[in-house]
Each structure stands twice: as C-alpha cells, then as structure tokens.
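What follows is one structure encoded as structure tokens, with my remarks underneath.
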Amino acid sequence: KVLPWTFFISSIRFSVQSLIGNSSLITKIYFPKAVLPLASILACFFDFSIAVVVLSILLLFFKLGISVYILWLPLFIILLFLFTVGLGLFLSAANLFFRDIKYVVEIILMFGIFFTPVFYSAEQFGNWRTLLLLNPIGSILESINAVVVLRQMPDLLWVGYATLSSLAMFYFGMIIFHKYEPVFAEHI
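My numbering numbers the first residue of the sequence shown as 2 and each following residue consecutively.
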C-alpha cells in the first residue's frame, strides 16, 4: 500500500505547484493548461510504474505467489489515477486563486497517512473501519491490499464506493479546472 500512497501524495504535491511554477508559460503562450498538472501526475505515475515492476520481480523472486484476484489490480490503479488527476486539477486551479492552498495541502498530506490505512489494515479498527474507508484513497488502498497481499476478493461495496468517488472527483476536477482556465493568466 505504500507505493500507491507515495504516488498519490507526490502527484498532489507536484500538481498543486504546477501552474504557479510555470507562470511564464501561462502568461505568454496559449496551450491547454491542464497539460501542466497532468504532466506532473504522469511523471509520478512513471515512477510508480517502475516501482511496481521492481516489486513484482521481488514478489516472483521470493515466490510469494499471486492469485486470480490480481486481475482486479488494473481497475484499482485506474481508479487511483482518476481520483488523483481530478484532485490535482482542482487543487492546482484553487492554488492560483488562494495561494495558501499549497500549505494546507502539505499539512493534510502529512497527517493524511494517519487517517488512511497505509501502514495498517482498516480491519484493526473494528467499528471505525467504515470511517477509515470513507476516505476514497483508503478504500482503494485496502482493495489493492486485498488482491495483492491477501490474495482475496476485494469488498465489492467499497470497490463501488471507490469507483463512484474516483469518477466524481475526476469529473469535478475537470469541470472546475476548465471553468476557471480562461482567467488563469490574470491570477498568476
């Protein structure tokens, strides 16, 4: 669960700063501004992909085995990517209008690891499990853990929740970003 979490937090950190960091490009030439946060996220996804390949080789080397449930993994990676893109687009646009967003995001990401089941399982919290899994990243990470580590079927309720959350965040991020894109140059 650490690899997807690292992809998520690094993507959000870089995408929040992507528009401000490339202000000279935004004010001088016209191009689709969504390229900047997407490029940050894709760069982090490339790092994530390399780490996944190395981890896969290690799992095969140590003969830890896989199950048929591993076929769920591409879906969870797509959901993680969609959620990250949506949130990254929204936060990068918001950072142009409210410059303190980057500091708030850093604090939330720093403490977010305690409220997201990265180093522990949500099952350990009994009745509080539901609260932890309401975090869409938490439900995605628990599903990844179920199919890769535990080699079992993921909880379909939380898979559905993660799917709806990821699609909603992606749609919301795209709508907000494109709505305010025409005034980006004025607010840099």
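Where is the CB? At the ideal position from N, CA and C, for every residue including glycine.
- Residue environment: residue 128 is assigned as exposed (fewer than 16 neighbouring CB atoms within 10 Å of its CB, all protein chains considered).
- Apart from sequence neighbours up to five positions away, no residue of its chain approaches residue 61 with a beta-carbon distance below 7 Å.
- Contact between residue 146 and residue 29 is absent: CB atoms are separated by about 46 Å, not below the 8 Å threshold.
- DSSP, reduced to helix, strand and coil, places residue 120 outside both helices and strands of the structure shown, so it counts as coil.
- With respect to residue 167, residue 89 sits apart: the two C-beta atoms are not nearer than 9 Å.
- Here the C-alpha atom of residue 113 lies approximately 9 Å from the C-alpha atom of residue 10.
- Residue 99 counts as exposed, since fewer than 16 other C-beta atoms from the protein chains shown sit within 10 angstroms of its C-beta.
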